[in-house]
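Chemist: Pasting in a structure now, in structure tokens, and then I'll have a few things to ask.
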Amino acid sequence: MDLSASLLDIRFANPLLNASGVWCRYNEELDGLRDSAAGSFITKSCTLATRAGNPEPRYYATPLGSINSMGLPNEGYTYYLDYARAYDYAKKPLFMSVAGLSLEDNLAMLAAIRDAGLPAVVELNLSCPNVPGKPQIAYDFAAMDRMLEATSREYGRPFGVKMPPYFDIAHFDEAAAILNKYPLVAFITCINSIGNALVIDIEQESVVIKPKDGFGGIGGDYVLPTALANVNAFFRRCPQKQVIGCGGVKTGEHVFMHLLAGASLVQVGTALQEEGPGIFARLNGELAALLERKGYTSIEAVLGKLKTL
Ligand code: SIN
């Protein structure tokens, strides 16, 4: 079975990678992804300076997924740039996630990444819901437009954007129209966690994570249909761009659904956190078996082929 995939004219052995934030803060974790069956991998969303993130507990798994309010704990962008500089790109492609706390921070980090002249691909995170006092940029369309205009001008290379989920057709239309203004926005990753949810422990009569009075982004089973809708909405509206699916993937069947909806690559978050990097071999095996049962010989034939009634 040919599981190979393509994004930005780069070939990938298979469509799977981690969602930024999971298994990618430290070099040892990144090496674990490098050595796994994932087709590529991405670094933790970085800021200009090192951040400890929000107080713990800040991640909690439930039977249906997870809630987190990590608050962008990361080692600072130079740590990930050093990793990207030392990395052997013959192994598999590498993405770098960038999540500056301001436009200026993003431009400074992107200039350094650009000047390094590496094959690493940037995913600009416009959707972290967990930094107190910093609203998600992609929920402020004017701010998103300014960010993309400045990033396109200063960075000057193709890049991707990590989007939050939208829940209204008017918002899909408006967000897509802004993204379509910028040809250097080459891919759209849908979705980040559904932000500011609340999980309650009945016995303790309490929230389950400490930051923000228990409010946090949810992932896992809770978000699969929302993720698929966002992948398909942007796939339909942005024909010159590619989409990376993220949300609710824990089986090969879920990967297949993301491909049908229009995803060129598929990220794994909560399920990777719970199962570890061995999950990628399992997902590839399940995807290959499903494709074979359905008579496909490659994933290219599935991409975006979702039927409507
Ligand atoms: C976090 O560090 O809070 C998660 C990052 C994100 O959701 O973008």
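The opening residue of the sequence shown carries number 1 in full-length UniProt numbering; numbering runs sequentially from there. We treat Cβ as the ideally placed atom computed from N, Cα and C, and that holds for glycine.
1) Could you check which residue in 266, 279, 185 and 81 has the C-alpha nearest to that of residue 49?
2) At 4 residues or longer, and completely inside the segment 216–248: list those alpha helix (DSSP H) runs for me, N to C.
3) Beta carbon of residue 99: closer than 7 Å to some heavy atom of the ligand SIN?
4) Does the contact criterion of 3 or more C-beta pairs under 8 Å hold for the segment 215–226 versus the segment 179–196?
5) For a test of the three-state rule: what should DSSP assign to residue 162, helix, strand or coil?
6) Any heavy atom of the ligand SIN closer than 7 Å to the Cβ of residue 144?
7) Okay, do the segment 292–307 and the segment 35–50 touch, 3+ Cβ pairs below 8 Å being the bar?
8) Given 8 Å as the limit, is there contact between the segment 103–114 and the segment 57–67, that is, 3 or more CB pairs closer than that?
9) Is it true that the segment 13–23 meets the segment 165–180, where meeting means three or more beta-carbon pairs spaced less than 8 Å apart?
10) Quick one: what's got a C-beta closer than 6 Å to residue 14's C-beta in the same chain, skipping five residues either side?
11) What's the C-alpha gap between residue 185 and residue 125?
12) With DSSP as the reference, label residue 59 as helix, strand or coil.
13) Going by the C-beta, is residue 70 closer than 7 Å to any heavy atom of the ligand SIN?
14) Measuring straight from C-alpha to C-alpha, what distance separates residue 83 and residue 120?
15) Quick one: grab the DSSP three-state call for residue 7.
16) Taking residue 225 as the reference, which of 92, 258 and 45 has the closest Cα?
17) Would you kindly report the start and end of the unbroken beta strand (DSSP E) that includes residue 96?
18) So does residue 230 have its beta carbon nearer than 7 Å to some heavy atom of the ligand SIN?
19) Taking Cβ to Cβ, would you say residue 219 is nearer than 8 Å to residue 188?
20) Using beta-carbon positions only, say whether residue 248 and residue 227 come within less than 8 Å of one another.
21) Closer than 6 Å by C-beta to residue 66: which residues in its own chain qualify, once you throw out the five before and the five after it? Chain order, please.
22) Would you call the segment 237–246 in contact with the segment 263–281, where contact means no fewer than 3 C-beta pairs closer than 8 Å?
23) Run the CB neighbour count on residue 19, radius 10 Å, all protein chains shown included, and call it buried at 16 or more, exposed below.
24) On the criterion of 16 or more Cβ atoms from any shown chain inside 10 Å, does residue 51 qualify as buried, or is it exposed?
25) Check whether the Cβ of residue 192 sits closer than 7 Å to any heavy atom of the ligand SIN, and report yes or no.
26) Relative to the C-alpha of residue 207, which residue among 143, 135 and 69 is closest?
27) Could you check where the beta strand (DSSP E) with residue 189 kicks off and where it finishes?
Modeler: By the coordinates alone:
1) Taking the sequence shown and counting its residues from 1, the one referred to as residue 49 is at position 49. Closest option to residue 49, Cα to Cα, is 81.
2) Listed in chain order, they are 224–237.
3) One-based indexing of the sequence shown puts residue 99 at position 99. Because some heavy atom of the ligand SIN lies under 7 Å away, the Cβ of residue 99 counts as near it: yes.
4) Proximity of the segment 215–226 to the segment 179–196 meets the contact definition, three or more beta-carbon pairs being nearer than 8 Å.
5) In the sequence shown, the residue the question calls residue 162 occupies position 162. Correct three-state label for residue 162: strand.
6) Position 144 of the sequence shown holds residue 144. Outside the cutoff, so no.
7) Because the criterion of three Cβ pairs below 8 Å is not met, the segment 292–307 and the segment 35–50 do not touch.
8) Short answer: they don't touch.
9) The segment 13–23 is not in contact with the segment 165–180.
10) The residue labelled residue 14 in the question sits at position 14 within the sequence shown. Hits under 6 Å: 3, 39 and 284.
11) Position 185 of the sequence shown, counting from 1, holds the residue named residue 185. Position 125 of the sequence shown, counting from 1, holds the residue named residue 125. The alpha-carbon atoms of residue 185 and residue 125 are separated by roughly 12 Å.
12) Here residue 59 refers to the residue found at position 59 of the sequence shown. Note: residue 59 maps to strand in three-state DSSP.
13) As a working note, residue 70 is residue 70 in the sequence shown. Answer for residue 70: yes, Cβ within range of the ligand SIN.
14) In the sequence shown, the residue the question calls residue 83 occupies position 83. In the sequence shown, the residue the question calls residue 120 occupies position 120. Their backbone Cα atoms lie some 10 Å apart in a straight line.
15) Mapped onto the sequence shown, residue 7 falls at position 7. Three-state result, residue 7: strand.
16) Position 225 of the sequence shown, counting from 1, holds the residue named residue 225. The shortest CA-to-CA distance from residue 225 to any of 92, 258 and 45 is the one to 258.
17) If you number the sequence shown from 1, residue 96 lands on position 96. Element bounds for residue 96: 94–98.
18) Reading the sequence shown from its first residue, position 230 is the one you call residue 230. No; taking the cut-off as 7 Å, the Cβ of residue 230 has no heavy atom of the ligand SIN nearer than that.
19) As a working mapping, residue 219 is identified with position 219 in the sequence shown. As a working mapping, residue 188 is identified with position 188 in the sequence shown. No, Cβ-Cβ distance for residue 219 and residue 188 is not below 8 Å.
20) Sequence index remark: in the sequence shown, residue 248 carries index 248 (1-based). Sequence index remark: in the sequence shown, residue 227 carries index 227 (1-based). Contact flag set, yes.
21) On the sequence shown, position 66 is the one that residue 66 refers to. Beyond the five residues adjoining it in sequence on each side, residue 66 comes within less than 6 Å, by CB distance, of 219, 220 and 270 in the same chain, given in chain order.
22) Counting Cβ pairs under 8 Å, three or more are found: they touch.
23) Your numbering for residue 19 matches position 19 in the sequence shown. It counts as buried.
24) Position 51 of the sequence shown, counting from 1, holds the residue named residue 51. So residue 51 counts as buried.
25) Here residue 192 refers to the residue found at position 192 when the sequence shown is read from its first residue. Residue side-chain check: residue 192 places its Cβ nearer than 7 Å to a non-hydrogen atom of the ligand SIN.
26) Looking up residue 207 in the sequence shown gives position 207. Minimum Cα distance to residue 207 is reached at 69.
27) Numbered from 1 along the sequence shown, position 189 holds the residue referred to as residue 189. That run of the beta strand (DSSP E) goes 185–190.
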